[in-house]
Every structure is written in C-alpha cells, then in structure tokens.
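Asks: Numbering (the working numbering), first residue to last: 1 to 389. We put the beta carbon where it would ideally sit given N, CA and C, even for glycine. Here you go, one structure.
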C-alpha cells in the first residue's frame, strides 16, 4: 500500500509543477499582473505622434554594442551596456525628429542625387583608403572602377553608400535651409573676428605670503642650479608663431562659362560627325560614369535635377542634345531607350572652370605677390603686399 501511495504521489507532484508553471506563464503574458506584455511592436517612446518600437530600439542597441565591443576588444560591462542603450534611445529620438522636420519642409532625396554624390563626393573612409589612392592622393579613376566592379556589389558597398547618402543629403539640405535664414550683423561679425584673432601676451608673478620663506632661510645659487637641472621639464614652454595668410581666389567669369559651353558644343559636333559617344565620354567627361562611357543606367526622368530632366523629356531616342547647363556644369546627353517615364541615357559632363587666359591672369597676381614679399622675413613687407593686392 505504501508503494502504491509513493507511486501516486510522484504523478501528483508532476501535475502540481506543471500547473504552477503554466499558470504563471498565463498570468505573466495576459497582463493580469498589472503590466502589458512587451513585444517587438511595443512603443518605448512617442515623438510627436510617431512611435519608436521596442524592436527598433533593441536592434540599434545591439548594433552599437557590437561596434563598441569591436573598438575596445572585450565585452561590455553592465554600466557600459546601459550607456549604449541610452545612446541608442537618444539616437532614435534624434532621427525621428529629423525625419519629421524633413517631411515638414518637403525635403526629399532622389536616386540621381545619390548617384551624383556617390561618384563625386565619396565618404571619408573611402577617400582615405590606401587602395583608392595614387601617390598618396585620392584617385577618382580607381574609385570609379571599384564602384563598377562585382566586388563592390558582393560586399554590399553600393547598399551602404545609398544608406549613407540617404542620411547625409537631407541633413545638408536642412542645414542649407536653416542657414539661409540666418543673418549676422557687421558688428557681430567684427566682434567674432576680434575674439578669434585679437590676443595679448601677459607675464606676471604671483606672490603667496604663506609660501614666502623666513628671512633666516638662505638658498644658494648652487641649490637653485641643482633644482633647475633636476626639474628642467617644468620650465619648458611650447613655441608659438603668428601666421598671416593671403588667399588669391580663382574666380569663374562669364568668359569661363562661355568657354565651357563652346567645348561642349565641340564634343557634340565630334559625335555628330561619327565619333563614338562612349569613347568621347571616356576621354572628356569628368563624371564618375565616364569609365562606363557616360552610361547612367535606367532611371525615372524625375530622379534627375530639373534642367537635366527637362532635356530628357524633350530628347528623341538616339539624338544628342545641345549643351545643357546644371549646377554641375555643361552636359551633352543622349537617350538610348525610353520606357514610360524611365530612360536609359548617357552623358558627358564638363565643369565650368577658369579658362587658360583667366588662369594666367590669376597666376600673374600670385607671381606679383611672390615678387613683393616671398623673399622677405619682415612681417611688415607681407602686410604691405596684402594691402597692395
């Protein structure tokens, strides 16, 4: 009989344990304990009506934690992990506020803008990469070849670049809009200039009575010399220099603009005479697409800057446009295929830069500066040259 009771007791205990665990999970997940269940969609913060979900915050926290652990070479402590979680929370709030401001101001990012900046203004980490430099300088040709290579696509670089510029371009546009409304008076500018450049050198001796030795204490010259020799580093002073700078700007004139347009018309004439558009683009275009013969790929017409888009809308397939002026310079464009509102096109981009004659005039000013002050170590001579120029 005792054996039978022991056997029954075992099943009773198993039932009680399962009942307790199951009941606890039911109560915990049902919210009966006074707290709601936390899911990836649970809002951890609300910014002007937009929710930041727990899942989003958790993903950003984990990403920042992995980056921090890679930097320091070890796992994070509990305090460090708490700091990272707070940083992720503040970052998400900032991004939400920025996104709301972009929407309020109608700030948008087009694919054409991303492509243009990706070719012309690479991120600092790519610009400083040794593999993309020649003789210690960033090489645009190497960079263009790398972007066009299968390796860039396989490594996810193109996606990373797109994400980078989708964050940076709106920031730049927002800054431009905000800064456009800023006005600083001449008096304020003068005060800022004085604060940055006016300086004074002051020498003083601090006398603290409590440190003045009694008259009976005598310090010999030998003791002074010995203390100085033993503590020379305490008496060293960093050297200082006052530097003056004269800048000679290479200003673009109307003649430079006309010369750039004339060059674009020459290239159009060469293509009309039978030269291959792609080959001319490889030789003459300064755009990153020159390595692909000026090919821009397929894109919606509306993705391009307004002047370029207008030319695409009116240009017949296979014809070469007259020079089109945009913020980047003069373009010679050819539409290769059109499907609805999207096109496949090529272009040649020529910047508006100083003409040879204008550049020579600027160089002469620089030569004059050299003649006036280059060989003198007297600051007054340099100041005189600056006033003369």
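Put residue 342 into one of helix, strand or coil per three-state DSSP.
Replies: Start at 1 with the first residue of the chain shown, and residue 342 comes out as number 342. Of the three classes helix, strand and coil, the one that applies to residue 342 here is strand, per DSSP.
Asks: Could you please give the first and the last residue of the uninterrupted alpha helix (DSSP H) stretch that includes residue 280?
Replies: One-based indexing of the chain shown puts residue 280 at position 280. Segment 277-284, the alpha helix (DSSP H) holding residue 280.
Asks: Using the Cα positions of residue 323 and residue 337, report the straight-line distance between them to the nearest angstrom.
Replies: Reading the chain shown from its first residue, position 323 is the one you call residue 323. Reading the chain shown from its first residue, position 337 is the one you call residue 337. Those two C-alpha atoms are separated by around 20 Å.
Asks: Is DSSP giving residue 348 helix, strand or coil here?
Replies: Residue numbering aside, residue 348 sits at position 348 when the chain shown is read from its first letter. Strand.
Asks: Does DSSP put residue 201 in a helix, in a strand, or in coil?
Replies: Residue numbering aside, residue 201 sits at position 201 when the chain shown is read from its first letter. Note: residue 201 maps to coil in three-state DSSP.
Asks: Would you list the residues sitting across from residue 270 in a DSSP beta bridge?
Replies: Here residue 270 is taken as the residue at index 270 of the chain shown, counted from 1. Partner(s): none; residue 270 has no beta bridge.
Asks: Taking just the CA atoms, how far does residue 99 sit from residue 22?
Replies: For the purposes of this step, residue 22 is identified with residue 22 of the chain shown, where counting begins at 1. For the purposes of this step, residue 99 is identified with residue 99 of the chain shown, where counting begins at 1. Note that residue 22 scores a pLDDT of 49, beneath 50, so its modelled location is shaky; the value from the coordinates is reported in the next line. Their Cα atoms are separated by approximately 44 Å.
Asks: What residue range is occupied by the uninterrupted beta strand (DSSP E) comprising residue 53?
Replies: Here residue 53 refers to the residue found at position 53 when the chain shown is read from its first residue. First-last of the beta strand (DSSP E) with residue 53: 50-53.
Asks: Closer than 8 Å is the cut-off here; do at least three beta carbon pairs connect the stretch 324-333 with the stretch 248-266?
Replies: The stretch 324-333 is in contact with the stretch 248-266.
Asks: Note the first and the last residue of the continuous beta strand (DSSP E) segment covering residue 317.
Replies: Within the chain shown, residue 317 is the residue found at index 317, counting from 1. Premise fails: residue 317 is in no beta strand (DSSP E) and is neither H nor E.
Asks: Provide the residue span of the beta strand (DSSP E) that contains residue 299, from first to last.
Replies: As a first step, residue 299 must be located in the chain shown, where it is residue number 299. First-last of the beta strand (DSSP E) with residue 299: 295-300.
Asks: Going by DSSP, which residues form a beta bridge with residue 47?
Replies: In the chain shown, the residue the question calls residue 47 occupies position 47. According to DSSP, which records beta bridges pairwise, residue 47 is partnered with 50.
Asks: Considering just the uninterrupted stretch of the alpha helix (DSSP H) at residue 151, what are its terminal residues?
Replies: In the chain shown, counting from the first residue as 1, residue 151 sits at position 151. First-last of the alpha helix (DSSP H) with residue 151: 150-154.
Asks: Report yes if the CB atom of residue 386 is closer than 8 Å to the CB atom of residue 246, and no otherwise.
Replies: Counting from one through the chain shown, the residue named residue 386 turns up at place 386. Counting from one through the chain shown, the residue named residue 246 turns up at place 246. Their beta carbons are under 8 Å apart, which means residue 386 touches residue 246 by this criterion.
Asks: Where does residue 41 land, buried or exposed, given buried means 16+ other C-beta within 10 angstroms?
Replies: One-based indexing of the chain shown puts residue 41 at position 41. With fewer than 16 other Cβ atoms within 10 Å, it is exposed.
Asks: For residue 80, name the three-state secondary structure that DSSP assigns.
Replies: Counting from 1 along the chain shown, the entry for residue 80 is found at position 80. It is helical.
Asks: Please name the residue, chosen from 272, 208 and 331, that lies closest to residue 390 on a Cα-to-Cα basis.
Replies: The displayed coordinates of the chain run from 1 to 389. Any statement about residue 390 would go beyond what the structure contains.
Asks: At 3 residues or longer, and completely inside the stretch 129-179: list those beta strand (DSSP E) runs for me, N to C.
Replies: If we require 3 residues or more, the stretch 129-179 turns out to have no beta strand (DSSP E) run fully inside it.
Asks: Can you tell which of 374, 112, 168 and 123 has its C-alpha closest to the C-alpha of residue 304?
Replies: Position 304 of the chain shown, counting from 1, holds the residue named residue 304. It is 112.
Asks: Ignore the nearest five residues each way along the sequence and tell me which others in residue 138's own chain have a CB closer than 7 Å to its CB.
Replies: In the chain shown, residue 138 corresponds to position 138, counting from 1. Around residue 138: 127 and 132.
Asks: Would you give the residue range spanned by the alpha helix (DSSP H) that residue 372 belongs to?
Replies: Residue mapping note: residue 372 aligns to position 372 of the chain shown, counting from 1. 356-373 is the span of the alpha helix (DSSP H), which, as asked, contains residue 372.
Asks: Throw me the rounded Cβ distance for the residue 94 and residue 81 pair, which I believe falls under 8 Å.
Replies: Locating residue 94 in the chain shown gives position 94, counting from the first residue. Locating residue 81 in the chain shown gives position 81, counting from the first residue. Not a contact, Cβ separation roughly 20 Å.
Asks: Using CA atoms only, rank isn't needed, just tell me which of 380, 45, 299 and 357 is closest to residue 345.
Replies: The sequence position of residue 345 within the chain shown is 345, counting from 1. It is 299 whose Cα lies nearest to the Cα of residue 345.
Asks: Report buried or exposed for residue 267, applying the criterion of at least 16 other Cβ atoms within 10 angstroms of its Cβ.
Replies: In the chain shown, counting from the first residue as 1, residue 267 sits at position 267. With 16 or more other Cβ atoms within 10 Å, it is buried.
Asks: Tell whether a beta-carbon distance below 8 Å holds between residue 311 and residue 333.
Replies: Taking the first residue of the chain shown as 1, we reach residue 311 at position 311. Taking the first residue of the chain shown as 1, we reach residue 333 at position 333. For residue 311 and residue 333, yes; Cβs fall inside 8 Å.
Asks: Can you tell me which of 357, 240, 306 and 163 puts its alpha carbon nearest to the alpha carbon of residue 250?
Replies: One-based indexing of the chain shown puts residue 250 at position 250. Among 357, 240, 306 and 163, the Cα nearest to that of residue 250 belongs to 357.
Asks: Buried or exposed: residue 256, going by 16 or more other Cβ atoms within 10 Å of its Cβ?
Replies: In the chain shown, residue 256 corresponds to position 256, counting from 1. Classification of residue 256: buried, given that the 10 Å Cβ count is 16 or more.
Asks: What number of angstroms, rounded off, separates the C-alpha of residue 47 from the C-alpha of residue 232?
Replies: For the purposes of this step, residue 47 is taken as the residue at position 47 of the chain shown. For the purposes of this step, residue 232 is taken as the residue at position 232 of the chain shown. If I take the Cα positions, the gap works out to 59 Å.
Asks: By the DSSP assignment, the beta strand (DSSP E) with residue 126 in it spans what residues?
Replies: In the chain shown, residue 126 corresponds to position 126, counting from 1. Counting along the chain, residue 126 falls outside any beta strand (DSSP E), though it belongs to the alpha helix (DSSP H) covering 124-127.
Asks: To the nearest angstrom, how far is the alpha carbon of residue 91 from that of residue 62?
Replies: Counted from its first residue, the chain shown places residue 91 at position 91. Counted from its first residue, the chain shown places residue 62 at position 62. So the two alpha carbons sit approximately 13 Å from each other.
Asks: For residue 329, which residues does DSSP report across the bridge?
Replies: Counted from its first residue, the chain shown places residue 329 at position 329. In DSSP, residue 329 forms a bridge with 326.
Asks: Since residue 392 is in the alpha helix (DSSP H), which residue starts that stretch and which ends it?
Replies: Examination of residue 392 is not possible in this model, given that the chain is present from 1 through 389 alone.
Asks: Taking 8 Å as the threshold (C-beta atoms), are residue 150 and residue 107 in contact?
Replies: Numbered from 1 along the chain shown, position 107 holds the residue referred to as residue 107. Numbered from 1 along the chain shown, position 150 holds the residue referred to as residue 150. Going by C-beta atoms, residue 107 is not nearer than 8 Å to residue 150.
Asks: How many whole angstroms separate the CB atoms of residue 348 and residue 288, which I take to be in contact at a CB cut-off of 8 Å?
Replies: Mapped onto the chain shown, residue 348 falls at position 348. Mapped onto the chain shown, residue 288 falls at position 288. Rounded, the Cβ-Cβ distance is 13 Å, inconsistent with contact.
Asks: How big is the Cα-Cα spacing for residue 204 and residue 237?
Replies: If you number the chain shown from 1, residue 204 lands on position 204. If you number the chain shown from 1, residue 237 lands on position 237. Spanning the two alpha carbons is a distance of roughly 15 Å.
Asks: Select from 117, 381 and 313 the residue whose C-alpha is nearest the C-alpha of residue 168.
Replies: As a working mapping, residue 168 is identified with position 168 in the chain shown. Residue 117 is the option with its Cα nearest to residue 168.
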